[in-house]
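> Residue numbers (the working numbering): 10 to 207. Let me begin by handing over the structure; questions about it come next.
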Amino acid sequence: MAWSAMKTWVAGAILPASELNTYLRDNGDYLKTEVDSHHVLAGSSAVYSRSGGVLYKTVTSVGSVSTSETTLYTQAIAANTLASNTQAVRVSTFGSFAANANTKTVRLTFGSTTVTVAASAFNGGKWGCDLWIARSGAATQVITGSIHWSAGASPNPISTTAAETLSGAVTLALTGQGTDTNDITMDALTVYWEPAGN
10 MAWSAMKTWV
20 AGAILPASEL
30 NTYLRDNGDY
40 LKTEVDSHHV
50 LAGSSAVYSR
60 SGGVLYKTVT
70 SVGSVSTSET
80 TLYTQAIAAN
90 TLASNTQAVR
100 VSTFGSFAAN
110 ANTKTVRLTF
120 GSTTVTVAAS
130 AFNGGKWGCD
140 LWIARSGAAT
150 QVITGSIHWS
160 AGASPNPIST
170 TAAETLSGAV
180 TLALTGQGTD
190 TNDITMDALT
200 VYWEPAGN
């Protein structure tokens, strides 16, 4: 069902059933369908959950290069993506370490704020992280989540803050730094958008 552009009536006009059905019933049904598709009842309660979704996603493996800090993924988060307090972007990513004794460092940056995901001489194994970047003000954010790797204690909680101006685009980046090429590999990354709570 599609939305029908509303008609402007004049005083004394007769409203036939076809017009009432089109502009009131059908448009009302259209609006209800739109609302229902973006709000979901939580279980059998009377509370509605607001829906979010995937903003960006990659499943292309990218490896670090030599000793340089290599950008494994980068994306400009569009201006005003976080327009209201408690709106958030969630970053979920994982990858692997090469089986050697080289020191390996994985970093996630949001604007000028850096979160170290891993930094040690991991000898093989997997790494991953789930981080939420939530707006707490027009130029303040809270970053929370967990980082984990198969060669160490897991999960490891993270909590920090950022101070990016959200009315402009903010660059999100994942980097890897080791000694040999492909010391660190990113296998997949997804950026989700989450709405503010009720």
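Every residue, glycine too, gets a C-beta built ideally from N, C-alpha and C. Computed from a predicted structure; not experimentally measured.
Between the C-alpha atoms of T188 and L198, what's the straight-line distance to the nearest angstrom?
The sequence position of residue 188 within the sequence shown is 179, counting from 1. The sequence position of residue 198 within the sequence shown is 189, counting from 1. Each residue's Cα considered, the two are about 23 Å apart.
> Can you tell me the Cβ-Cβ gap for G209 and T180, rounded? I've got them flagged as a contact below 8 Å.
An answer regarding residue 209 cannot be provided, because it is not within the stretch 10 to 207 covered by the chain.
> Tell me which residues share the same chain as D196 and place their Cβ nearer than 7 Å to its Cβ, disregarding the 5 neighbours each side in the sequence.
On the sequence shown, residue 196 is found 187 positions in, with the first residue counted as 1. Cβ neighbours of D196 beyond the five flanking positions: S70, F103, G104, S105.
> Alpha carbon to alpha carbon, how far is L175 from T125?
Sequence index remark: in the sequence shown, residue 175 carries index 166 (1-based). Sequence index remark: in the sequence shown, residue 125 carries index 116 (1-based). Their Cα atoms are separated by approximately 22 Å.
> Could you please give me the residues that DSSP links to G62 through a beta bridge?
Residue numbering aside, residue 62 sits at position 53 when the sequence shown is read from its first letter. G62 is bridged to W202.
> Within 7 Å: the Cβ of S93 and any heavy atom of the ligand FMN?
With respect to small molecules bound, the structure shown includes none, and the ligand FMN cannot be examined in it.
> Expressed to the nearest angstrom, what Euclidean distance is found between the alpha-carbon atoms of G185 and L91?
The count along the sequence shown starts at 1 and reaches residue 185 at position 176. The count along the sequence shown starts at 1 and reaches residue 91 at position 82. One C-alpha to the other measures close to 27 Å.
> Locate the beta strand (DSSP E) running through L24, then write down its first and last residues.
Within the sequence shown, numbered from 1, the residue matching residue 24 stands at position 15. That residue, L24, is in no beta strand (DSSP E); it is neither H nor E in DSSP.
> Hey, A205 and N109 are a contact pair by Cβ (cut 8 Å); roughly how many whole angstroms apart?
Numbered from 1 along the sequence shown, position 196 holds the residue referred to as residue 205. Numbered from 1 along the sequence shown, position 100 holds the residue referred to as residue 109. That belief does not hold up - the Cβ atoms of A205 and N109 are roughly 45 Å apart, past 8 Å.
> With a CB to CB cut of under 6 Å and the five nearest residues on each side skipped, what residues in its chain are close to T118?
Residue numbering aside, residue 118 sits at position 109 when the sequence shown is read from its first letter. Cβ neighbours of T118 beyond the five flanking positions: A182.
> What residue range does the beta strand (DSSP E) around P166 cover?
Within the sequence shown, the letter at position 157 stands for residue 166. It spans 165-171 - the beta strand (DSSP E) in which P166 sits, taken as one unbroken run.
> Quick one, which of A148, Y32, T67 has its alpha-carbon nearest Y82's?
Against the sequence shown, residue 82 aligns to sequence position 73. Nearest of A148, Y32, T67 to Y82, Cα basis: T67.
> Quick check on D38: buried or exposed, where buried means 16 or more other Cβ atoms within 10 Å of its Cβ?
Walking along the sequence shown from the start, residue 38 turns up at place 29. Exposed, because fewer than 16 other Cβ atoms sit within 10 Å of the Cβ of D38.
> Considering only residues of the stretch 82-151, which uninterrupted beta strand (DSSP E) runs meet the minimum length of 3 residues and lie entirely inside it, listed in chain order?
Here the runs fully enclosed are 97-106, 113-119, 122-129, 135-146.
> Using DSSP with H/G/I as helix, E/B as strand and the rest coil, what is T174?
Walking along the sequence shown from the start, residue 174 turns up at place 165. Note: T174 maps to coil in three-state DSSP.
> Spatial neighbours of L24 within its chain, please: CB distance less than 8 Å, with the 5 preceding and 5 following residues excluded, ordered by chain position.
In the sequence shown, residue 24 corresponds to position 15, counting from 1. The answer, listed in chain order, is W18.
> Out of Y201, T123, S129, which has the shortest C-alpha to C-alpha gap to T114?
Stepping through the sequence shown from its first residue, residue 114 is reached at position 105. Among Y201, T123, S129, the Cα nearest to that of T114 is on S129.
> Would you tell me roughly how many angstroms separate the C-alpha atoms of L140 and T42, rounded to the nearest one?
The residue you call residue 140 lines up with position 131 of the sequence shown. The residue you call residue 42 lines up with position 33 of the sequence shown. Each residue's alpha carbon lies about 32 Å from the other.
> Taking DSSP as the reference, what is the three-state secondary structure of D192?
Within the sequence shown, the letter at position 183 stands for residue 192. Reduced to three states, the DSSP call for D192 is coil.
> Assuming A85 contacts A178 under a Cβ cut-off of 8 Å, what Cβ separation, rounded to an integer in Å, is found between them?
The sequence position of residue 85 within the sequence shown is 76, counting from 1. The sequence position of residue 178 within the sequence shown is 169, counting from 1. Correct: roughly 4 Å between the Cβ atoms.
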